[in-house]
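**Student:** Using the working numbering, you'd call the opening residue of the sequence shown number 72 and step up by one each time. Dumping the structure here so I can ask a few things about it.
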Amino acid sequence: MDGIVDGQINVEGTLVVAESGRVNGEIYAKQLIINGMMDGNCHAEHIQVLAKGRVSGRIWSNNLSIEPGGKFFGEA
Numbered sequence: 072m073d074g075i076v077d078g079q080i081n082v083e084g085t086l087v088v089a090e091s092g093r094v095n096g097e098i099y100a101k102q103l104i105i106n107g108m109m110d111g112n113c114h115a116e117h118i119q120v121l122a123k124g125r126v127s128g129r130i131w132s133n134n135l136s137i138e139p140g141g142k143f144f145g146e147a
């Protein structure tokens, strides 16, 4: 997803937050790939923060990976 979303996102499959994407709120997805900015809570089976990704908030996941260059500030 590109652009800005304020609020809650519910996805049954995979959500990709592109480099130009910004989410302020809460995400529920099976798989979450972040290369943009996320400020809030993430709930997913698998979360991947790519090199340009920035996450601030809480993460609930059984499988979290952060590529070199990716940033996570918060609780997991």
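Note that the Cβ used here is the ideal one computed from N, Cα and C, for glycine as well. For clarity, every value in this text was computed on a predicted model and none was experimentally measured.
Please classify A115 as buried or exposed, where buried requires at least 16 neighbouring CB atoms within 10 angstroms.
**Tutor:** A115 is buried by the Cβ-count criterion.
**Student:** For K142, does the three-state DSSP call read helix, strand or coil?
**Tutor:** Three-state DSSP puts K142 in a strand.
**Student:** For A100, count neighbouring Cβ atoms within 10 angstroms of its own Cβ and tell me buried if that reaches 16, exposed if not.
**Tutor:** Per the 10 Å Cβ criterion, buried.
**Student:** Would you report the Cα separation of G140 and R125, rounded to the nearest angstrom?
**Tutor:** Distance between the alpha carbons of G140 and R125: 9 angstroms.
**Student:** Considering only the alpha carbon of each residue, which of N81, G78 and A147 lies closest to R129?
**Tutor:** The option with the nearest alpha carbon to R129 is A147.
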